[in-house]
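Heads up: the sequence shown begins at 633 in this note's numbering, then just goes up one per residue.
What follows is a set of notes on a single structure, which appears directly below.
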Amino acid sequence: MLIRQSLTDGIVAYISPLLQSIGVAHAFSTRLGGISPAPFDSMNLGNPNGCDVQDDYERIWENYRRLQRAAGCSLEQPCRVHQVHGSNIARVRRGEVFDNSAKADAIVSDDPSRVASVRVADCVPVLIAGGDGRIVAAVHAGWRGVVAGIIPAALHDIAEIHGKSANCIAAIGPCIGGDAFEVGPEVLDEFTRVFGPEAPFRRRSDGKGLVDLREAARRQLVGAGVLRERIDMTDRCTYRHAGEFFSHRRDNGVTGRMAAVIQCAG
């Protein structure tokens, strides 16, 4: 189970005991401990798309520095991508420039000098490390990313680099809960296609339903070979717990972003 921790500078984040046990610096941020004003108060780590209200990027980068310092990560600007709700992977390679404009929803890194990061505001953040902590991944998984297979794709990429004995550890961060994520029948059909008749949703009489993204992520991790006892989770809901988290759905798009950050062991 993830642990809620009060870090330096008033920062509150969620930490995986499993990742911590192998020396992998990481954190799932909350909205607490930053310097951004409303409606991005206060630990805002990204701007909403297609919204006239935007935070200043100088504040966003300072928030990143504070989070990374509190998590024990490098203070260089993190490796980020243009998230598109797909299944593309970006790789951080030692000694090579990283393209922060790349369109991808997961970053895989074996460079102990750089931080991989994904941004969320209801979607599922997943942090993964090989068993020795020397290769890591940060994954952004909304419903489209889940059905596109972004989580298995990240694990496949780790195995390709590290070898089949990666023996991964994974942590699933705070996201929208299964009682708050209402979707239409077309989305339920996609989850049935991917997960079969036991897909993690509850269909209502009107054809709509409630999807459990967290459980979907857990099933895909297990299905890709991660042992159940090597997965940390949390029951925190970004939609319900407004004091701790930004939520795109709850706040009608005018909201900030949390981040999941991770850096492999040296």
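Even glycine gets a Cβ: it sits at the ideal position worked out from N, Cα and C.
Residue environment, residue i, which counts as buried when at least 16 other CB atoms sit within 10 Å
{"i": "M675", "result": "buried"}
{"i": "L707", "result": "exposed"}
{"i": "I635", "result": "exposed"}
{"i": "W775", "result": "buried"}
{"i": "R723", "result": "buried"}
{"i": "G795", "result": "exposed"}
{"i": "R850", "result": "buried"}
{"i": "L677", "result": "buried"}
{"i": "V886", "result": "exposed"}
{"i": "T640", "result": "exposed"}
Bridge partners - residue i, DSSP secondary structure assignment
{"i": "A748", "result": "C711, I894"}
{"i": "P757", "result": "H772"}
{"i": "I654", "result": "Paired residues: none, contrary to the question."}
{"i": "D864", "result": "A803"}
{"i": "K735", "result": "H714"}
{"i": "G841", "result": "V815, R835"}
{"i": "S879", "result": "In the DSSP output, where bridge partners are listed per residue, S879 has none listed."}
{"i": "Q637", "result": "A645"}
{"i": "A722", "result": "I739"}
{"i": "C869", "result": "C807"}
{"i": "A659", "result": "V893"}
Residue j beta carbon less than 8 angstroms from that of residue i
{"i": "A769", "j": "V740", "result": "yes"}
{"i": "A659", "j": "A703", "result": "yes"}
{"i": "C705", "j": "V747", "result": "yes"}
{"i": "V752", "j": "M890", "result": "yes"}
{"i": "G888", "j": "R663", "result": "yes"}
{"i": "A897", "j": "G655", "result": "yes"}
{"i": "V750", "j": "H772", "result": "yes"}
{"i": "R881", "j": "D754", "result": "yes"}
{"i": "I793", "j": "L853", "result": "no"}
Heavy atom of the ligand COA within 7 angstroms of residue i beta-carbon
{"i": "V756", "result": "As presented, the structure is devoid of all ligands, the ligand COA included, so that no description of it is given."}
8 angstroms contact criterion, which residue i and residue j should meet: CB distance rounded
{"i": "P710", "j": "V858", "result": "Going by Cβ atoms, the distance from P710 to V858 rounds to 24 angstroms, so no, they are not a contact pair."}
{"i": "A786", "j": "A738", "result": "4 angstroms"}
{"i": "S661", "j": "R691", "result": "Going by Cβ atoms, the distance from S661 to R691 rounds to 14 angstroms, so no, they are not a contact pair."}
{"i": "A812", "j": "C869", "result": "6 angstroms"}
{"i": "N732", "j": "V758", "result": "So it is not a contact: roughly 20 angstroms between Cβ atoms."}
Inset, instruction - Could you tell me whether the stretch 794-808 touches the stretch 643-652, where touching means 3 or more Cβ pairs closer than 8 angstroms? - result: yes
Inset, instruction - Mind the definition here: the stretch 814-822 touches the stretch 840-848 only if three or more C-beta pairs lie below 8 angstroms; say whether that holds. - result: yes
Inset, instruction - Report yes or no: do the stretch 867-878 and the stretch 716-733 share at least 3 C-beta pairs separated by less than 8 angstroms? - result: no
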